[in-house]
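Below: one structure, written as structure tokens.
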Amino acid sequence: MEIRRMKLVKMSIAAVVTALLAGCSGSMVVPVQEHASILSNADQAKQALSQATSCCNGFNEFNYVSLPEGETLLAIDGKQPSYQFDEGMSYFAAYRLPANTGNLAITLASQVSKTVLVPKVIMLDAQFKVTRVLGESVFAYQPAHLLDNDRIEGRVFVDRSMPGNPATETYMVVYAPADELASSTTILHPAKAFARANGTVEPEIKDPVIPHSPWGLVQIKVTDMAKGQGMEAVFKPEYADEVAMSQAKPATTAVAATAATTAAVAAAPSTPAPAMLSETESFYNAQIEKAVKAGDIDKAMQLVSEAERAGSTKAKSVFIDAVKRSQKN
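According to the numbering used here, the sequence shown is numbered sequentially starting from 8.
As structure tokens, this is what we get:
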């Protein structure tokens with residue numbers, strides 16, 4: 008009970024600090040408990056899927072819902088339409104990407120509870136032709152941290168450098184591939200996570216094994232990189248899974264494993280901040296390089312913004328140099 012109380016206190020403090028540093032960005036706390044029925048029984052979800060029928064003959068017949076900028080909570084269950092993808096029958100959600108924007112950064116985080124949906128994303132152009140398929144090349148398990156739950160998370164970058172081009176990615180389909188449903192994901196036990204956060208010895212306890220489900224709860228965050236925090240777009244390689252998807256059976260469209268975008272920092276703050284202590288500067292620079300090396304560009308950009316508000320004069324160049332090195336690897 009004492010450990011739980013300490014953890015809650017620590018999370019509360021962390022939430023306040025995060026809100027102060029991020030300027031109260033309004034990030035969504037995912038209400039997992041409110042959707043417990045979706046995340047509680049993988050067998051029930053699989054049984055429902057076994058009786059589902061395909062809604063459409065091809066991607067051009069999907070009902071695409073406009074995906075807004077900001078955060079969206081997607082609940083995939085038996086109420087969603089289903090389709091016979093290459094891997095088998097799956098429930099899915101289909102979105103039209105925001106129009107008249109700069110390059111987009113789209114983060115998808117599938118929430119872990121008693122079950123978890125392992126997401127896969129199909130990107131389509133204006134003619135409903137597949138441009139990319141993103142699965143295990145993008146999505147990976149991320150342990151709970153501060154206000155984020157355990158999740159399977161990935162980030163998709165959409166290049167908008169050629170507006171009006173029919174080949175520009177226009178649609179996004181999110182689904183749980185049928186070939187993942189017999190598998191499971193091992194997550195970090197909360198007691199071990201608590202020990203790591205406090206620098207104590209981890210208990211000898213088994214990590215929970217979470218079964219995969221065709222149902223799930225996915226947090227989607229869409230950022231227009233031309234607007235966000237004074238950022239401007241630069242190119243960064245991104246790879247697609249080496250699979251082929253079908254637009255209509257039996258015809259198959261090959262997947263292009265091509266590039267999209269990430270971000271770099273633009274202008275410095277208009278009001279100069281007090282000079283930063285050298286120790287603090289070194290800390291921020293190390294964290295920025297660490298985030299870029301890990302591929303977490305969104306976190307690196309936030310660190311740069313925080314550092315410059317606190318008076319850093321080197322964070323921007325450290326970030327740009329780190330991105331350039333990552334592109335050479």
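In this text, a Cβ means the ideal position worked out from N, Cα and C, and glycines have one as well.
Here the structure is a predicted model, which is why all the values come from computation and not from measurement.
- prompt: By the 10 Å Cβ neighbour count, where 16 or more other Cβ atoms means buried, how is residue 323 classified, buried or exposed?
  reply: Taking the sequence shown and counting its residues from 1, one reaches residue 323 at position 316. Residue 323 is buried by the Cβ-count criterion.
message: From the DSSP secondary-structure annotation, give me the bridge partner or partners of residue 218.
response: Here residue 218 corresponds to residue number 211 of the sequence shown, with the count starting at 1. Paired residues: 191.
message: Tell me which residue opens and which closes the beta strand (DSSP E) that residue 181 is part of.
response: Along the sequence shown, one-based indexing puts residue 181 at 174. That run of the beta strand (DSSP E) goes 176-182.
Beta strand (DSSP E) runs wholly inside the region 97-158, at least 3 long, in chain order: Entirely contained in the region 97-158, the beta strand (DSSP E) runs reaching 3 residues are, in chain order, 111-118, 127-132, 137-141, 147-149.
- request: Check whether the Cβ atoms of residue 185 and residue 68 lie closer than 8 angstroms to each other.
  value: Within the sequence shown, residue 185 is the residue found at index 178, counting from 1. Within the sequence shown, residue 68 is the residue found at index 61, counting from 1. Not closer than 8 angstroms, so no.
DSSP state of residue 40 mapped onto helix, strand, coil: Start at 1 with the first residue of the sequence shown, and residue 40 comes out as number 33. Three-state result, residue 40: helix.
- prompt: DSSP on residue 310, reduced to helix/strand/coil?
  reply: By 1-based counting over the sequence shown, the position of residue 310 is 303. In the structure shown, the three-state DSSP call for residue 310 is helix.
field: Cβ neighbours of residue 82 in the same chain (closer than 7 angstroms, five flanking residues each side left out)
entry: As a position in the sequence shown, residue 82 is number 75, starting the count at 1. Excluding positions up to five away in sequence, the list reads 42, 45, 224.
query: For the putative contact between residue 393 and residue 109, defined by C-beta atoms under 8 angstroms, what is the C-beta separation to the nearest angstrom?
result: The displayed coordinates of the chain run from 8 to 336. Any statement about residue 393 would go beyond what the structure contains.
message: If you reduce the DSSP assignment to three classes, tell me which class residue 82 lands in.
response: For this step, residue 82 is matched to residue 75 along the sequence shown. Correct three-state label for residue 82: strand.
- prompt: Does the region 206-224 come close enough to the region 181-198 that 3 or more CB-CB pairs lie under 8 angstroms?
  reply: yes
- prompt: Looking at C-alpha atoms only, which residue of 189, 112, 134 is the closest neighbour of residue 167?
  reply: Within the sequence shown, numbered from 1, the residue matching residue 167 stands at position 160. Measuring C-alpha to C-alpha distances from residue 167 to each of 189, 112, 134 identifies 112 as the nearest.
message: Are the CB atoms of residue 175 and residue 106 within a distance shorter than 8 angstroms?
response: As a working mapping, residue 106 is identified with position 99 in the sequence shown. As a working mapping, residue 175 is identified with position 168 in the sequence shown. Cβ distance not < 8 angstroms, so residue 106 and residue 175 don't count as in contact.
- request: Mind checking which residues open and close the beta strand (DSSP E) that includes residue 231?
  value: Taking the first residue of the sequence shown as position 1, residue 231 is located at position 224. 223-231 is the span of the beta strand (DSSP E), which, as asked, contains residue 231.
- prompt: CA-CA distance, residue 125 and residue 115?
  reply: Against the sequence shown, residue 125 aligns to sequence position 118. Against the sequence shown, residue 115 aligns to sequence position 108. If I take the Cα positions, the gap works out to 11 angstroms.
message: To the nearest angstrom, how far is the alpha carbon of residue 136 from that of residue 117?
response: Along the sequence shown, read from residue 1 onward, the residue named residue 136 stands at position 129. Along the sequence shown, read from residue 1 onward, the residue named residue 117 stands at position 110. So the two alpha carbons sit approximately 25 angstroms from each other.
message: Helix, strand or coil for residue 168? Go by DSSP, reduced to three states.
response: For the purposes of this step, residue 168 is taken as the residue at position 161 of the sequence shown. If DSSP states are grouped into helix, strand and coil, residue 168 belongs with coil.
- request: Please name the residue or residues paired with residue 324 in a DSSP beta bridge.
  value: To locate residue 324, count along the sequence shown from 1; it is residue 317. Bridge partners of residue 324: none, in fact.
- prompt: In this structure, does DSSP put residue 69 in helix, strand or coil?
  reply: The residue given as residue 69 occupies position 62 in the sequence shown. DSSP places residue 69 in coil when its eight states are reduced to three.
- request: Check residue 91 in the structure and name its three-state DSSP category.
  value: Here residue 91 refers to the residue found at position 84 when the sequence shown is read from its first residue. Note: residue 91 maps to strand in three-state DSSP.
query: Is residue 161 near residue 131, with beta carbons less than 8 angstroms apart?
result: Residue numbering aside, residue 161 sits at position 154 when the sequence shown is read from its first letter. Residue numbering aside, residue 131 sits at position 124 when the sequence shown is read from its first letter. It is not a contact, given that the beta carbons lie outside the stated cut-off.
- prompt: Where does residue 104 land, buried or exposed, given buried means 16+ other C-beta within 10 angstroms?
  reply: Position 97 of the sequence shown, counted from the start, is the residue given in the question as residue 104. So residue 104 counts as buried.
field: Residue range of the unbroken alpha helix (DSSP H) whose run includes residue 58
entry: Counting from 1 along the sequence shown, the entry for residue 58 is found at position 51. It is not in any alpha helix (DSSP H) - residue 58 carries neither H nor E in the DSSP assignment.
field: For residue 208, three-class secondary structure by DSSP
entry: Your numbering for residue 208 matches position 201 in the sequence shown. If DSSP states are grouped into helix, strand and coil, residue 208 belongs with coil.
- request: Could you check what DSSP says for residue 160 in three-state terms: helix, strand or coil?
  value: As a working mapping, residue 160 is identified with position 153 in the sequence shown. Strand at residue 160.
field: Integer-rounded CB distance, given that residue 119 should sit under 8 angstroms from residue 156
entry: The residue given as residue 156 occupies position 149 in the sequence shown. The residue given as residue 119 occupies position 112 in the sequence shown. So it is a contact: roughly 6 angstroms between Cβ atoms.
For residue 332, the nearest candidate out of 54, 321, 318, 302 (CA to CA): Residue 332 sits at position 325 when you count from the first residue of the sequence shown. Comparing Cα positions, the closest option is 302.
- prompt: Relative to the C-alpha of residue 122, which residue among 145, 89, 146, 188 is closest?
  reply: Within the sequence shown, residue 122 is the residue found at index 115, counting from 1. It is 188 whose Cα lies nearest to the Cα of residue 122.
message: Once the 5 residues before and after residue 63 are set aside, which same chain residues still bring their CB inside 7 angstroms of it?
response: Working through the sequence shown from its first residue, we reach residue 63 at position 56. Same-chain partners within the cutoff: 69, 90.
query: For residue 165, which of 129, 191, 152, 147 has the nearest alpha-carbon?
result: Along the sequence shown, one-based indexing puts residue 165 at 158. Taking only the C-alpha atoms, the option nearest residue 165 is 129.
query: According to the Cβ coordinates, are residue 56 and residue 210 closer than 8 angstroms?
result: Taking the first residue of the sequence shown as 1, we reach residue 56 at position 49. Taking the first residue of the sequence shown as 1, we reach residue 210 at position 203. It is not a contact, given that the beta carbons lie outside the stated cut-off.
N- and C-terminal bounds of the alpha helix (DSSP H) containing residue 298: Position 291 of the sequence shown, counted from the first residue, corresponds to residue 298. Element bounds for residue 298: 285-300.
field: Exposure label - residue 326; buried when at least 16 CB within 10 Å
entry: Counted from its first residue, the sequence shown places residue 326 at position 319. Under this definition residue 326 is a buried residue.
message: Could you tell me the alpha carbon to alpha carbon distance between residue 154 and residue 47, rounded to whole angstroms?
response: To locate residue 154, count along the sequence shown from 1; it is residue 147. To locate residue 47, count along the sequence shown from 1; it is residue 40. Straight-line Cα distance between these residues: approximately 21 angstroms.
- prompt: Using CA coordinates, which residue listed in 288, 304, 206 is at the minimum distance from residue 316?
  reply: As a working note, residue 316 is residue 309 in the sequence shown. Ranking the options by Cα distance to residue 316, first place goes to 288.
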